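Below is one structure, written out as structure tokens, with a few remarks after it.
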Amino acid sequence: MSGQPLALASEAFVEQKGWRRKEELVDSLPYIDGLEAGEKEAVMRLVEEEARNSDKKPADYLSELPAMPPSRIEKNELLQSELQRVSTGTPLSALDLQRYNLNPPPSSQRGDPAAWQTALDNAHAQLEHQRNRLLNLELLLKFGPITWRAHNESLAAHVANLQSELETTRGAIDQLNRERKLQQTSAGRELRALESEYVALIAKNIELEAACKKVESEATAAGANAGNPA
-9 MSGQPLALAS EAFVEQKGWR RKEELVDSLP YIDGLEAGEK EAVMRLVEEE ARNSDKKPAD
51 YLSELPAMPP SRIEKNELLQ SELQRVSTGT PLSALDLQRY NLNPPPSSQR GDPAAWQTAL
111 DNAHAQLEHQ RNRLLNLELL LKFGPITWRA HNESLAAHVA NLQSELETTR GAIDQLNRER
171 KLQQTSAGRE LRALESEYVA LIAKNIELEA ACKKVESEAT AAGANAGNPA
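Numbering-wise, the working numbering puts 16 at position 26 of the sequence shown, and it's gapless, one number per residue.
Shown next, in the form of structure tokens:
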């Protein structure tokens, strides 16, 4: 053959749908298809030229992709309000620490029993809060190390599961690549044999054509000699 790569005809090109429609599929065998000198540079030049001449923007490519599944954020009023706050640049409200202060009633309400009752209720609430903090600290000192060890063991088991899945996936990928290489190598041998057979048949046809022309010329000459006896 004249150096042209073997191409496999396919009718599947017209069946592409969605964002892959109207695109040509490349029937290549990367494990056996070699690159001639300068072919990679030529391909990169074509890509750069296409990029310069294209009037598409990134948003145009995104619009051709399949639609995303419906968002569940729209159904969450809390997330919607928070997204609205962020989009408008409104700062997040700071925590009100005033209620943690044990302030007496203002001077103008020092004689009001209700004001003193409110201050007393706040003091009781703060006292209970401090008791709760002490209780949490005691629980942390007693059960914290055990809980953290159990948590770390759970994380280690989860990491081990993920690593096992990763190794399984990598093994499947390696096996797929091995099978692909074997299939392409086998196909390459068959293609080269067919190419050699094709070249031999073309050469034989050329020889037959030359022989036929020679016979025709000899027959024409013989006929001419027979019609013109000496």
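Even for Gly, the Cβ is constructed at its ideal location relative to N, Cα and C.
Treat the numbers as computed from the prediction; the structure is a model and nothing was measured.
The alpha-carbon of Leu145 is positioned some 32 Å away from that of Arg121. Restricting attention to Pro135, Asn91, Pro20, the CA atom closest to the CA of His114 is found in Asn91. Per DSSP, the continuous alpha helix (DSSP H) segment holding Thr78 begins and ends at 67 to 78. Under the three-state reduction of DSSP, Gly161 is assigned to helix. Shown here, Arg89 sits in a helix according to DSSP, grouped into three states. By the Cβ test, the stretch 19 to 35 is not in contact with the stretch 193 to 209, since fewer than three Cβ pairs between them sit closer than 8 Å.
Assigned with DSSP and collapsed to three states, Ile196 falls in helix.
Here the C-alpha atom of Ala104 lies approximately 13 Å from the C-alpha atom of Ser98. Segment contact: the stretch 52 to 67 against the stretch 80 to 88, fewer than three CB-CB distances shorter than 8 Å; contact not assigned. In this structure, the alpha-carbon of Ser77 lies about 12 Å from that of Leu69. Distance between Ala57 and Lys46, taken at the CA atoms: about 19 Å. The continuous alpha helix (DSSP H) containing Arg35 extends over residues 29 to 43. With a cutoff of 7 Å on beta-carbon distance, Ile22 and Gln174 are scored as near each other.
Straight-line spacing of the CA atoms in Glu157 and Glu143 works out to 21 Å. Less than 7 Å divides the Cβ of Pro95 from the Cβ of Ala109. Secondary structure at Arg62: coil, using DSSP grouped into helix, strand and coil. Cα atoms of Leu131 and Leu73: separation of roughly 39 Å, rounded to the nearest angstrom. Annotation for Tyr51: the continuous alpha helix (DSSP H) segment containing it runs 48 to 53.
Assigned with DSSP and collapsed to three states, Gly213 falls in helix.
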